[in-house]
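Chains as they are written, first to last, in this note's numbering: chain W, 11 to 189; chain Z, 68 to 234.
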């Protein structure tokens with residue numbers, strides 16, 4: 011009699027556990043991110059400008075390896091991560107369109123690179139507090155993934171990831187206010 | 068006829084001596100060089116122009132690199148470096164992007180004359196008491212080949228040249 015009660019309970023528990031595992035967003039998985047064909051335009055010490063290599067994030071460290079040269083950076087020292095799309099979102103929009111008619115074309119988006127690549131800009135501090143900046147270009151669609159991983163590992167950003175990019179629907183502020 | 072020739076020669080000599088004198092007085096009036104052993108570069112501001120992060124960082128990093136190459140200062144400090152506070156004769160470079168002209172790399176490649184990109188930045192070299200020692204509007208351009216990144220490099224080169232002349 012007791013076995014008849016226990017078996018369905020165990021079955022329900024197993025199904026629940028399986029569904030949690032399957033529905034868990036991939037961002038929670040601690041798999042190292044590696045992006046080959048990344049160009050370090052400038053900013054990383056010990057690596058030449060425009061060196062092409064692999065950018066990886068593992069165990070709280072951002073690593074860029076180009077041939078024998080490599081640079082390691084603790085992710086917690088990164089205080090801003092901005093993709094090319096972030097810049098366009100921050101500068102574009104209605105206000106940006108209006109200010110485009112300002113003096114010197116002040117609202118127009120000035121892009122540093124051609125648009126068929128992704129860009130990733132990071133700001134980080136060294137041990138004495140000095141600000142550094144590093145710019146990377148990488149295959150299209152990779153910058154958002156790298157940014158997500160960096161934020162998951164403890165980096166900060168001034169431009170949060172768009173809700174659509176995270177794959178989660180944003181919680182409406184009105185709903186939050188309701189008791 | 069001979070007298071007229073002498074007059075021309077005399078007039079030429081007078082004009083030449085006047086020109087040489089004015090040039091010498093202009094040299095005498097050259098401003099004294101500013102003395103500083105260290106410089107701190109602050110992150111570029113862009114109040115009027117909306118500047119993408121990558122452009123801002125490229126300007127900042129290129130200027131630091133060019134000033135280090137110039138060798139005019141014992142130390143080139145970055146924004147936020149705590150060690151800069153202990154330097155007595157520190158000069159701080161404050162920069163504000165005031166304008167840009169969007170060019171086109173494709174137009175530059177095709178025509179080599181059209182499509183120039185330029186970026187104008189107001190630079191202030193400020194001493195520790197807050198007094199502006201030097202103020203310049205410096206323009207970085209990319210005219211012929213290369214991406215917009217070259218405009219940031221050109222700007223940094225011009226900043227280094229200005230520093231070489233004034234410090």
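All C-beta atoms in this analysis are idealised placements derived from N, C-alpha and C, irrespective of residue type, glycine included.
With a threshold of 9 Å between beta carbons, residue 98 of chain Z makes no contact with chain W. Distances from the CA of residue 102 of chain Z to each of Z/159, Z/75, Z/184 were compared; the closest alpha carbon is that of Z/159. Residues are counted here when their Cβ sits less than 8 Å from a Cβ of chain W; for the segment 100 to 129 of chain Z these are 110, 115, 116, 117, 118, 119, 120, 121, 122, 123, 124, 125, 127, 128, 129, given in chain order.
For residue 136 of chain W, the nearest beta carbon of chain Z is closer than 9 Å to its own beta carbon. Per the coordinates, the alpha-carbon of residue 99 of chain Z lies some 45 Å from the alpha-carbon of residue 169 of chain W. Closer than 9 Å to the CB of residue 145 of chain Z there is at least one CB belonging to chain W. With respect to the 9 Å criterion, residue 126 of chain Z and residue 144 of chain Z are not classified as neighbours on the basis of their beta carbons. In chain order, 43, 67 place their CB closer than 7 Å to the CB of residue 159 of chain W, counting only its own chain and leaving out the 5 sequence neighbours on each side. When C-alpha distances from residue 53 of chain W are compared across W/130, W/163, W/156, W/157, the shortest belongs to W/130. At least one CB atom of chain Z sits nearer than 9 Å to the CB of residue 98 of chain W. Using beta-carbon distances, residue 148 of chain Z counts as an interface residue toward chain W, with a partner under 9 Å. Under the DSSP assignment, residue 191 of chain Z falls in the beta strand (DSSP E) whose first and last residues are 184 to 193.
Positions of the beta strand (DSSP E) runs, each at least 3 residues long and wholly inside the segment 37 to 74 of chain W, are given as 43 to 52, 61 to 68 in order along the chain.
DSSP, read as helix, strand or coil, puts residue 116 of chain Z in coil. With contacts defined by Cβ atoms closer than 9 Å, residue 209 of chain Z and residue 227 of chain Z do not form a contacting pair.
What residue 143 of chain W touches in chain Z, judged by beta-carbon distance under 7 Å, is 124, 127, 128, going in chain order. Identification of chain Z residues near residue 171 of chain W by a Cβ-Cβ cut-off of 7 Å yields none; the smallest Cβ-Cβ distance measures about 15 Å. Interface flag for residue 216 of chain Z against chain W is set, since a Cβ pair is found closer than 9 Å. For residue 99 of chain W, the three-state secondary structure derived from DSSP is helix. The contact set of residue 139 of chain W on chain Z, defined by CB atoms closer than 7 Å, consists of 147, 148, 149 in chain order. Residue W/154 holds the alpha-carbon nearest to the alpha-carbon of residue 128 of chain W among W/154, W/137, W/21. Looking only at Z/149, Z/170, Z/167, the smallest Cα-Cα distance to residue 137 of chain W is reached by Z/149. Cβ-Cβ distances below 6 Å link residue 135 of chain Z to 143 in the same chain, with the five nearest sequence neighbours on each side left out; the list follows chain order.
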